[in-house]
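The next block holds one structure in the form of structure tokens; read it before the comments.
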Ligand SMILES: [Zn+2]
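Protein chains in written order, with our numbering: chain A, 149 to 298; chain B, 22 to 139.
Take a look at the structure:
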């Protein structure tokens with residue numbers, strides 16, 4: 149299983165407009181092709197998870213995630229906000245790179261946790277923020293995932 | 022979407038989150054990657070679930086409790102006409118309804134609440 153296969157170009161946004169955590173979450177959800185009602189429910193669930201503790205894991209990276217009945221398969225999105233937003237991250241630094249993961253409550257192939265784990269692993273690479281900063285288009289993001297072999 | 026169905030969906034999603042946080046691989050990851058305090062998170066989720074259950078309309082709450090006493094999944098998706106609780110085919114008229122999810126419906130076979138998705 150490779151992370152690369154879960155991302156589509158349409159679900160990668162290198163220039164997020166949001167200026168707050170909530171706006172960023174909404175923008176990320178909008179990258180997933182789901183209807184408006186489902187977007188609203190995903191937003192609520194993601195907020196509930198954030199309220200338990202921020203998914204900002206430090207070094208500018210956040211991994212908002214949830215399971216919800218409104219999606220029928222695992223979906224992921226990536227967003228970048230170069231200037232950063234306050235995400236209440238562990239290291240109290242602004243978050244600039246966002247990996248969104250949503251999955252149905254039950255998946256046949258059970259890839260939710262492995263995907264979450266791989267993104268966490270990718271985030272630990274020492275040069276990852278510099279490399280994410282350099283990206284100029286979604287294809288380069290996909291190539292980076294491939295290069296890192298995650 | 023019917024507001025009671027939306028509330029049911031949210032409760033079910035919270036229960037999923039709660040169940041998963043109680044399981045080893047997920048709990049370990051939440052603690053290691055996100056520094057989550059799982060015990061605290063579980064009690065917050067329990068309180069929220071209880072609060073939302075209480076807020077359901079009395080008739081829906083009665084049906085909810087009857088199913089919840091027997092099984093963890095009270096709301097299940099209908100995908101391509103099949104109830105994903107009991108895997109029985111749902112009557113076509115119901116599964117293809119234009120006003121899908123505008124009513125609170127139950128599976129005639131297993132009794133679980135139904136949420137129609139594509
Ligand atoms: Zn059923």
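Think of the CB as a built atom: it goes at the ideal place given N, C-alpha and C, for glycine as much as any other residue.
| Check | Outcome |
| --- | --- |
| Residue burial classification, residue 181 of chain A (beta-carbon count within 10 angstroms, cutoff 16) | exposed |
| The stretch 187-202 of chain A touching the stretch 216-225 of chain A, judged by at least three CB pairs closer than 8 Å | yes |
| Cβ of residue 18 of chain B within 7 Å of any chain A Cβ | Past the boundaries of the shown model lies residue 18 of chain B; chain B is included only from 22 to 139, so the question cannot be answered. |
| 7 Å Cβ shell around residue 96 of chain B - same chain, five flanking residues per side excluded | 29, 30, 33, 133, 134, 136 |
| Residue 106 of chain B CB to nearest heavy atom of ligand 1 below 6 Å | yes |
| Closer than 6 Å: residue 130 of chain B CB and nearest ligand 1 heavy atom | yes |
| Beta-carbon proximity of residue 177 of chain B to residue 109 of chain B, cut-off 7 Å | Lying before the first or after the last residue shown, residue 177 of chain B is absent from chain B, which here runs from 22 to 139. |
| Nearest-angstrom Cα separation, counted from residue 71 of chain B out to residue 293 of chain A | 42 Å |
| Residue nearest to residue 141 of chain B in terms of C-alpha spacing, selected from A/172, A/165, A/264, A/226 | Here chain B comprises residues numbered 22 to 139, so residue 141 of chain B is not present and cannot be evaluated. |
| Local conformation of residue 191 of chain A per DSSP, three classes | helix |
| 3-residue-minimum beta strand (DSSP E) runs that sit fully inside the stretch 213-243 of chain A, ordered along the chain | 213-215, 223-233 |
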